[in-house]
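Trainee: Structure incoming, see below.
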Amino acid sequence: MPKLVFTDNMVNHLRIQLNKYKLISAIFHVLLFHNGPTIVEFRCSVGELHMESEFAQILSVLARGNTVKEFIFISDNRSNKLPVSFFALQGLEHVHLENCTLEPPLTFNGVSSLTVMNFQNVEVSAQVLQHFISKCPLLQSFILIEVGKGIESVPAGGNNFTLVDLFQCVPLLEGFGITKHYMKYLCAGGMPHKLPASLVHLSYLFLHVCLVEQNEISSALCIIRSSPVLGRIVFLMDNNDKSPVQQTPANFLDPEGYPDLNLDHLEMLEIHNYSNLPLEMEFVKLIIAKSPELEEVRIRLNSNVSADEERKMLKEMLLLPFPRASPSAKLIIVSP
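Laid out in structure tokens, this is it:
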């Protein structure tokens with residue numbers, strides 16, 4: 001059961017067009033001599049090579065009589081639209097897409113075997129995303145990462161697809177990650193106190209959040225409150241020039257105000273780009289107060305945190321009293 005890996009650095013010529021045809025020729029040559037119905041992994045990294053029509057032909061050949069378990073496609077151009085032949089691949093369990101456009105045909109009926117989906121800088125409308133994941137009933141891991149603008153085609157009258165809708169499509173989810181532009185779109189308008197159905201399998205959560213945005217605070221708390229078996233939480237704090245939200249009764253993170261927040265399985269809390277804002281500190285304290293099995297809290301500081309601020313933070317977290325459900329949890333502060 002082979003792994004087939006093709007990257008643009010396999011060919012090295014000053015003329016990009018020649019590199020393109022060398023890579024295409026190599027892929028077709030390997031597929032022609034491939035013997036066996038199952039391909040464990042098909043990885044294609046095209047870089048800056050524009051080969052949309054040729055790639056469609058490659059996938060048509062690949063889909064003919066082959067079962068592909070893991071499909072990885074990486075390009076440098078978001079306008080690279082995945083060809084219709086991609087949606088004909090059989091047996092997909094793991095899909096990783098970077099810098100491309102996802103637009104399934106109307107006849108797309110889903111990928112019944114898909115368990116892992118990783119989207120990085122994937123151009124996709126909210127409607128398409130909802131349709132796609134609703135057709136993948138076995139999805140266990142879903143990552144949405146971007147460094148640009150995220151989901152396209154925001155409805156003029158508001159957002160009709162939210163994180164609540166997304167989670168209803170993936171009841172078996174064990175791992176979930178989302179970065180800021182997707183987060184801002186999907187939590188627009190806020191979140192309920194708790195999801196309609198708990199995420200009873202979710203053990204890993206990665207959130208890129210801005211704690212000066214009320215919608216994102218409520219969304220983060222909603223997801224955590226609705227995930228009873230979380231074992232690891234990773235936060236990437238977003239820099240924001242806005243003034244921090246005011247600590248009102250609606251958002252003040254006093255542990256006594258969250259009697260229904262129970263993190264009985266959480267062992268690891270990791271925070272990146274920590275700026276030592278008051279609300280960030282309260283958020284950390286809330287998690288610590290609700291996690292009896294917590295083993296480690298690792299905080300990576302933002303480069304703007306001064307040495308004096310770091311010392312003050314250490315004093316507050318190590319010497320000043322606040323509720324700790326797990327007194328043996330290690331606190332690790334990592335300076336930039």
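Using full-length UniProt numbering, read the sequence shown as starting at 1 and increasing by one per residue.
By construction, the Cβ of each residue, glycine as well, lies at the ideal position given by its N, Cα and C atoms.
Just to confirm, is the Cβ distance from F73 to L62 under 9 Å?
Mentor: Here residue 73 refers to the residue found at position 73 of the sequence shown. Here residue 62 refers to the residue found at position 62 of the sequence shown. Their beta carbons are not under 9 Å apart, which means F73 does not touch L62 by this criterion.
Trainee: Roughly how many whole angstroms lie between the Cα atoms of V84 and L236?
Mentor: Here residue 84 is taken as the residue at index 84 of the sequence shown, counted from 1. Here residue 236 is taken as the residue at index 236 of the sequence shown, counted from 1. Answer to the nearest angstrom: the Cα atoms are 35 Å apart.
Trainee: With DSSP run on the structure shown, which of helix, strand or coil describes M268?
Mentor: As a position in the sequence shown, residue 268 is number 268, starting the count at 1. Of the three classes helix, strand and coil, the one that applies to M268 here is strand, per DSSP.
Trainee: Buried or exposed for A250, going by 16 or more other Cβ atoms inside 10 Å?
Mentor: To locate residue 250, count along the sequence shown from 1; it is residue 250. Note that A250 has pLDDT 46, beneath the 50 cutoff, so the model's placement of it is unreliable and no number is given.
Trainee: Could you check how far apart the C-beta atoms of L139 and T162 are, in whole angstroms? I think they sit under 8 Å.
Mentor: Position 139 of the sequence shown, counted from the first residue, corresponds to residue 139. Position 162 of the sequence shown, counted from the first residue, corresponds to residue 162. In fact, because the Cβ distance is near 18 Å, the residues do not count as touching under 8 Å.
Trainee: Nearest to S53 by alpha carbon, out of S112, K20, L202, L277?
Mentor: Counted from its first residue, the sequence shown places residue 53 at position 53. If we check each option's Cα against that of S53, K20 comes out closest.
Trainee: Under the three-state reduction of DSSP, which class applies to N80: helix, strand or coil?
Mentor: Indexing the sequence shown from 1 puts residue 80 at position 80. Coil.
Trainee: Could you pull the start and end residues of the beta strand (DSSP E) that L173 belongs to?
Mentor: If you number the sequence shown from 1, residue 173 lands on position 173. Taken as a continuous stretch (DSSP letters only), L173 belongs to no beta strand (DSSP E), as it is neither H nor E.
Trainee: On the criterion of 16 or more Cβ atoms from any shown chain inside 10 Å, does H208 qualify as buried, or is it exposed?
Mentor: Looking up residue 208 in the sequence shown gives position 208. Counting Cβ neighbours within 10 Å, H208 comes out buried, since at least 16 surround it.
Trainee: Could you say which of H29, P105, K285, L279 lies nearest to L269 if we only look at CA atoms?
Mentor: Locating residue 269 in the sequence shown gives position 269, where the first residue counts as 1. Among H29, P105, K285, L279, the Cα nearest to that of L269 belongs to K285.
Trainee: For the beta strand (DSSP E) that L207 lies in, which residues bound it at each end?
Mentor: Counting from one through the sequence shown, the residue named residue 207 turns up at place 207. Start and end: 204-209.
Trainee: Relative to the C-alpha of I133, which residue among L23, Y258, V95, K180 is closest?
Mentor: The count along the sequence shown starts at 1 and reaches residue 133 at position 133. Among L23, Y258, V95, K180, the Cα nearest to that of I133 belongs to V95.
Trainee: Between which two residues does the beta strand (DSSP E) harbouring E282 extend?
Mentor: Stepping through the sequence shown from its first residue, residue 282 is reached at position 282. That residue, E282, is in no beta strand (DSSP E); its alpha helix (DSSP H) goes 278-289.
Trainee: Using three-state DSSP, classify S153 as helix, strand or coil.
Mentor: The residue given as residue 153 occupies position 153 in the sequence shown. The predicted position of S153 is uncertain, since its pLDDT is 43 and thus under 50; a value taken from the coordinates is nonetheless stated next. S153: coil per DSSP, three-state reduction.
Trainee: Compare the C-alpha of S328 against each of E282, E296, N302, E174 and name the closest.
Mentor: On the sequence shown, position 328 is the one that residue 328 refers to. Looking at the Cα atoms, E296 is the closest of the given residues.
Trainee: Between the Cα of Y185 and those of Q127, L319, R43, spot the shortest distance and give me the residue it belongs to.
Mentor: Taking the first residue of the sequence shown as position 1, residue 185 is located at position 185. Among Q127, L319, R43, the Cα nearest to that of Y185 is on Q127.
Trainee: Rounding to the nearest angstrom, what Cα-Cα distance links V122 and F283 in this structure?
Mentor: Numbered from its first residue, the sequence shown carries residue 122 at position 122. Numbered from its first residue, the sequence shown carries residue 283 at position 283. One C-alpha to the other measures close to 31 Å.
Trainee: Run through the DSSP bridge pairs and tell me what I333 is partnered with.
Mentor: Taking the first residue of the sequence shown as 1, we reach residue 333 at position 333. Looking at the DSSP assignment, I333 forms a beta bridge with I299.
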